[in-house]
Structures are given as C-alpha cells and as structure tokens.
C-alpha cells in the first residue's frame, strides 16, 4: 500500500511526543521509592516484550501504520 499523508502525520506525532518526553519540559515530580521500583519492573517487562516482538516481526516491522507491500491479513 502507498504511504499517505496520514502515515507521515502519525510518525511526526510520535517524534513530537518523544521530544517532549526526552527533553524534560515539565517540573519533576517527587515519587516514592517503592512506586519507582515497581514502575521499573513493569518497564523492564514491557521492554522485554517489545524486544521479543521485534525479533518475531523481523522485516515486517515498519514505523508507518500502513501495511507493507504484499501484506496479508490473517484472521482466525
């Protein structure tokens, strides 16, 4: 499928949100240690799941929401 302007808008929004997160525009919050530890455990589990999906998808992974050429929708 061809990439539409909607695809590029979604990718731009992803970069914009990442920039807001990475450059720390907001005042820091004071978070208790146990909540921080719990959040890090959840983040680690999420990172491991994301890493496994990247290896599972291999060349079918793309940053655009439009499917790649010759894609086939599988339903059960």
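In our numbering, the protein residues as written are 792 to 867.
C-beta: ideal position from N, C-alpha, C; glycine also.
Tell me the residue span of the alpha helix (DSSP H) that contains residue i.
i           : result
residue 847 : 824-848
residue 797 : 796-813
Given residue i, which residues of its chain have a CB within under 7 Å of its CB, disregarding the five upstream and five downstream residues?
i           : result
residue 855 : 794, 798 and 802
residue 853 : 859
residue 833 : none
Once you ignore the five residues that flank residue i on each side, which residues in its own chain have a CB closer than 6 Å to its CB?
i           : result
residue 807 : none
Considering only residues of the same chain and omitting the five flanking positions on each side of residue i, which have a CB-CB separation below 8 Å?
i           : result
residue 851 : 859 and 862
residue 809 : none
residue 804 : none
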